[in-house]
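This report refers to the structure that appears directly beneath it.
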Ligand code: GLN
């Protein structure tokens, strides 16, 4: 723990961490030592971990990178945090991200952008930019992150680390600061799939306090590691490899496909044409849910409160205006619009119907393949400021949002570097609850 704290201090300029409290980390490390001495340790006791600042924590501030929650201290730990804490994992602090997890480059954090350790000009990806940057720079051996429409997978690809978004409903959402509740999923980032496999088993599980939590028996996600790939069927969705895809990304993914073929997998030519509607559907659904979720920040119950207000209306208006950044405001407005009378049927209801079509298309596909291989992003990490127009940023999510809309487990696995030295990732998607299959495939390649 002390070694990681030293590295965090030495690489402060990455701005990966928003809250570090060495005395608290060392207190947890000592408690882990005591457990080990008493012979009560589990496999994760004493292993350090850092948490995205979307998870609420008792000992560290929980801000969602928003001024609205500046200095906010939660009275309880998120279920994901408390499950790992009870295993004896030692928390290193809280990680930078886009405000309320809205973004793809970590440029929307109130507390400053986070840097990509590979290249100071390159974005680390987002919204879990801090988790990605911290793992890539080895400031933490593993980190939690959240994925609503790609926020684990895209930053993992941009920083050359492994990221897993489990099946929706498998990890608890309790204590994850809400963005879009039907999509928000907790997951992990680490150097390798085998690291994720060991921690995931202790992170997921039924939570009676989360109404969408899935009640399934505990599972050993390491069981597929090292297993033969012979006979596994891997689908390659044709239209996802169109000319919009960067050539170097395509060439790297082709190498992974060849690797799987050489190791006995059957490569299946297929397509997922409806998934191209994913971006518009996602931004209608996610903004609609965000507009509802963020209505709780009214300056009255908790969070930022504007000073010297004369009326209740002014208090709410000014608190929200001063406390929320540009991207959450934009999404609240889009969401309120698509939910309003007269537009609800045209936008929100229509989006829900297409969401179902996308999910059905995947379900049909998984009747004949075990996994789907695709790009994570249309290119490698771009430069800061390059996608400052929100629509161009939204369009970059085309490969990640379909699995989110369908609630599927999905991974980003490092698979090479572009000629400018920036990492490339490949995306693997499986049917619901097939995380062990994904981890097996990722681990075989690694
Ligand atoms: N880039 C997407 C967005 O801005 C995804 C974010 C996420 O998964 N939290 O909404």
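In full-length UniProt numbering, the protein residues as written are 26 to 471. Here a beta-carbon is modelled for each residue, glycine too, at the ideal position from N, C-alpha and C.
Are residue 195 and residue 206 touching if we call contact CB-CB under 8 Å?
-> no
Which full runs of the alpha helix (DSSP H) of 4+ residues lie inside the region 295 to 319, going along the chain?
-> Correct list: 303 to 318.
Taking C-alpha atoms, which residue in 337, 236, 461, 305 lies nearest to residue 427?
-> 305
Bridge-paired residues (DSSP) for residue 76 = 119
Can you tell me whether DSSP reads residue 292 as helix, strand or coil?
-> strand
Residues near residue 70 in its chain [Cβ-Cβ closer than 7 Å; skip 5 each side] = 57, 60, 61, 112, 113
Reduced DSSP secondary structure (H/G/I, E/B, other) of residue 133 | DSSP places residue 133 in coil when its eight states are reduced to three.
Nearest residue (CA-CA) to residue 541, options 108, 35, 174, 362 = The question about residue 541 has no answer, for the chain in this structure spans 26 to 471.
Spell out a yes or no on whether the region 206 to 215 and the region 183 to 194 are touching, meaning 3 or more CB-CB pairs, one atom from each, closer than 8 Å.
-> yes
Using only the heavy atoms of the ligand GLN, determine whether one of them is closer than 7 Å to the beta carbon of residue 404.
-> no
Check each candidate in 128, 50, 48 and name the one with the smallest Cα separation from residue 410.
-> 128
Under 6 Å Cβ to Cβ from residue 156, same chain only, skipping five residues before and after it: list those, please.
-> 77, 120, 168, 170, 214
When the Cβ atoms of the region 74 to 93 are set against those of the region 101 to 109, are three or more pairs found closer than 8 Å?
-> Segments in contact, yes.
Going straight from the alpha carbon of residue 133 to that of residue 360, what length do you get?
-> Residue 360 has its alpha-carbon roughly 18 Å from the corresponding atom of residue 133.
Please confirm whether any heavy atom of the ligand GLN lies closer than 7 Å to the CB of residue 317.
-> no
Whole-angstrom distance between residue 393 and residue 94, CA atom to CA atom | Residue 94 and residue 393: Cα-Cα distance of roughly 47 Å.
Inter-residue spacing [alpha-carbon to alpha-carbon] between residue 190 and residue 457 = 11 Å
In chain order, what residues of the same chain lie with their CB nearer than 8 Å to the CB of residue 333, ignoring the 5 residues before and after it?
-> none
Just curious, the alpha helix (DSSP H) that residue 252 is in, first and last residue?
-> Unbroken run through residue 252: none, as it is neither H nor E.
May I have the straight-line CA-CA distance separating residue 308 from residue 64, to the nearest angstrom?
-> Taking the straight line from one Cα to the other gives about 50 Å.
Please go through the same chain and pick out, in chain order, the residues whose beta-carbon is closer than 7 Å to the beta-carbon of residue 135, but skip the five residues on each side of it.
-> 90, 91, 92, 124, 350
Write down the C-beta distance between residue 225 and residue 460 rounded to the nearest angstrom, noting that I regard them as a contact closer than 8 Å.
-> 7 Å
How about residue 500: is its Cβ closer than 7 Å to a heavy atom in the ligand GLN?
-> Absent from the model: residue 500. The displayed extent of the chain is 26 to 471, so no value can be given.
Per DSSP, cross-strand counterpart(s) of residue 63 | Beta-bridge partners of residue 63 (DSSP): none assigned.
Residue 363 - containing beta strand (DSSP E), residue span = First-last for residue 363: 351 to 364, but that is the alpha helix (DSSP H), not the beta strand (DSSP E).
Taking the alpha-carbon positions, what's the residue 405 to residue 274 distance?
-> 7 Å
Rounded to whole angstroms, what's the CA-CA distance from residue 450 to residue 397? Just pull it up for me.
-> 14 Å
Among 41, 38, 45, 40, the one whose alpha carbon lies nearest that of residue 30 = 45
Nearest neighbour of residue 107, chosen from 75, 96, 88 [CA to CA] | 75
Measuring alpha carbon to alpha carbon, tell me which of 292, 373, 324 ends up nearest residue 364.
-> 373
Is it the case that the CB of residue 414 approaches a heavy atom of the ligand FAD more closely than 7 Å?
-> Looking at this structure, you won't find the ligand FAD anywhere; what it does contain is the ligand GLN.
Residue 472: beta carbon under 7 Å from a heavy atom of the ligand GLN?
-> Look at the range of the chain in this structure, 26 to 471, and you will see that residue 472 is not part of it.
Would you report the Cα separation of residue 146 and residue 408, rounded to the nearest angstrom?
-> If you take the alpha carbons of residue 146 and residue 408, they lie about 5 Å apart.
Does the beta-carbon distance from residue 383 to residue 303 come in below 8 Å?
-> yes
Quick one: what does DSSP say residue 397 is sitting in, helix, strand or coil?
-> Residue state, collapsed to three classes: strand.
Leaving out five residues before and five after residue 231 in sequence, what residues of the same chain have Cβ atoms less than 6 Å from its Cβ?
-> 238, 240.
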